Amino acid sequence: MEQQHRNQQKDVQERRQDDLEEIQHGPFPVEQLQESGIAALDIKKLKDSGLYTVESVMYAPRKDLVQIKGISEAKVDKIIEAASKLVPLGFTSASQLHAQRLEIIQITSGSKELDKVLEGGIETGSITEIYGEFRSGKTQLCHTLCVACQLPLDQGGGEGKAMYIDAEGTFRPQRLLQIADRFGLNGADVLENVAYARAYNTDHQSRLLIEAASMMVETRFALMIVDSATALYRTDFSGRGELSARQMHLAKFLRSLQKLADEFGVAVVITNQVVSQVDGSAMFAGPQIKPIGGNIMAHASTTRTGCLFAREGETSAFVKW
519 MEQQHRNQQK DVQERRQDDL EEIQHGPFPV EQLQESGIAA LDIKKLKDSG
569 LYTVESVMYA PRKDLVQIKG ISEAKVDKII EAASKLVPLG FTSASQLHAQ
619 RLEIIQITSG SKELDKVLEG GIETGSITEI YGEFRSGKTQ LCHTLCVACQ
669 LPLDQGGGEG KAMYIDAEGT FRPQRLLQIA DRFGLNGADV LENVAYARAY
719 NTDHQSRLLI EAASMMVETR FALMIVDSAT ALYRTDFSGR GELSARQMHL
769 AKFLRSLQKL ADEFGVAVVI TNQVVSQVDG SAMFAGPQIK PIGGNIMAHA
819 STTRTGCLFA REGETSAFVK W
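Dropping the structure here:
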């Protein structure tokens, strides 16, 4: 009996330790700030502004918090102080960072060759950009990732759901069923585990990220896809006169995506369109295309992968930047 009692105590301690580790790894729901004396009404105001986690509060500039209606500067300072105790953002050692990097999950692309190019697969907690011409395989890859992310970790998956923002109207559920069959997964379950939204303009596309954050607090997502991240910007902003406004809006959108990757550890995959580059060297330098979005897109992406479409053989080649 005494030995049984010791075993029970040990099990309880292990469960408590597991719970503690789960809490420490976050993300922390913003409601946890109540334990530090933050009023429930102020927490509601934070959530109404799209801040659903303590991490999102810490990542937000102070000026953005001050602009929340009903929250004074004194309250903002108190909120930041409380949040910093849960999510310290100071220095850490390179060895600790290295240990964290070793735990990063990589989601298989479904292609051994592409996984080799990506050095293991699509990395969680960062943004991967896939650019290319029409029919180069970008959307097909996105569909495959929606299924692959649901696989167990030991099969190259992320053991989580997928979120898909469709800006071009090219999402096809029936394609997911075909891919699910290839991976040996139940088609109905795969469809249930993909949250889909159609984006109709750039402002709507940005607002969807706020809704995405609220959903990620409730359940585990492994992947966020935006196909295409730049399509609506090409139609909503036209001409050089709106170039500055377009780039500022795009930068804010990409920053919001990076925050989701940081807060929830999801793999963010964005597709990008290309433009033809016509100059005197076109006949000597190979395919003359470049991804749109300029340096804003280039700096936001941790990994850039180009899909180069060979029309004669109808195959795609991938180049990592």
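Residue 682 in my numbering sits at position 164 of the sequence shown, with consecutive numbering throughout.
Quick reminder that beta carbons are idealized off the backbone N, C-alpha and C, glycines included.
Since the model is a prediction, treat every value here as computed from it, not as a measurement.
**Message:** Just to check my reading of the structure: C664 and V712 have Cβ atoms closer than 8 Å, yes? What is that Cβ distance to the nearest angstrom?
**Reply:** In the sequence shown, the residue the question calls residue 664 occupies position 146. In the sequence shown, the residue the question calls residue 712 occupies position 194. Right, their Cβ atoms sit about 5 Å apart.
**Prompt:** Is the distance from the Cβ of L604 to the Cβ of V575 below 7 Å?
**Reply:** In the sequence shown, counting from the first residue as 1, residue 604 sits at position 86. In the sequence shown, counting from the first residue as 1, residue 575 sits at position 57. Going by C-beta atoms, L604 is not nearer than 7 Å to V575.
**Close-in-space but distant-in-sequence residues of the same chain around I645 (CB under 7 Å, 5 per side omitted)** = Taking the first residue of the sequence shown as position 1, residue 645 is located at position 127. Answer for I645: L775, Q776, A779, V786, I788, A818, S819, T820, listed in chain order.
**Request:** Can you have a look at P691 and say buried or exposed, based on whether 16 or more other CB atoms are within 10 angstroms of its CB?
**Result:** Reading the sequence shown from its first residue, position 173 is the one you call residue 691. Label assigned to P691: exposed.
**Asked** Beta-carbon separation of I683 and V744 under 7 Å?
**Response** Locating residue 683 in the sequence shown gives position 165, counting from the first residue. Locating residue 744 in the sequence shown gives position 226, counting from the first residue. Cβ distance < 7 Å, so I683 and V744 count as in contact.
**Request:** Output the distance between the C-alpha atoms of V584 and Q614, rounded to the nearest integer angstrom.
**Result:** On the sequence shown, position 66 is the one that residue 584 refers to. On the sequence shown, position 96 is the one that residue 614 refers to. Near 34 Å, if we compare the C-alpha coordinates of Q614 and V584.
**Inter-stretch contact (C-beta, 8 Å, three-pair minimum) for the segment 703-717 and the segment 670-688** = yes
**Request:** Give the DSSP bridge partners of G650, in chain order.
**Result:** The count along the sequence shown starts at 1 and reaches residue 650 at position 132. DSSP, once it has assigned bridges, lists C825 as partnering G650.
**Prompt:** Whole-angstrom Cβ separation of I648 and T823, contact assumed at under 8 Å?
**Reply:** The residue labelled residue 648 in the question sits at position 130 within the sequence shown. The residue labelled residue 823 in the question sits at position 305 within the sequence shown. Rounded, the Cβ-Cβ distance is 5 Å, consistent with contact.
**Request:** To the nearest angstrom, report how far apart K679 and E710 are at their CA atoms.
**Result:** Locating residue 679 in the sequence shown gives position 161, counting from the first residue. Locating residue 710 in the sequence shown gives position 192, counting from the first residue. Their Cα atoms are separated by approximately 9 Å.
**Message:** For a quick check, are the C-beta atoms of Q791 and I814 less than 7 Å apart?
**Reply:** For the purposes of this step, residue 791 is taken as residue 273 along the sequence shown, with counting starting at 1. For the purposes of this step, residue 814 is taken as residue 296 along the sequence shown, with counting starting at 1. Cβ distance not < 7 Å, so Q791 and I814 don't count as in contact.
**Cutoff 8 Å; reference A763; Cβ partners in own chain excluding five residues on either side** = For the purposes of this step, residue 763 is taken as the residue at position 245 of the sequence shown. Once the five neighbours on either side are set aside, the close Cβ partners of A763 are F755.
**Prompt:** Nearest-angstrom Cα distance between G643 and F782?
**Reply:** Taking the sequence shown and counting its residues from 1, the one referred to as residue 643 is at position 125. Taking the sequence shown and counting its residues from 1, the one referred to as residue 782 is at position 264. Each residue's alpha carbon lies about 7 Å from the other.
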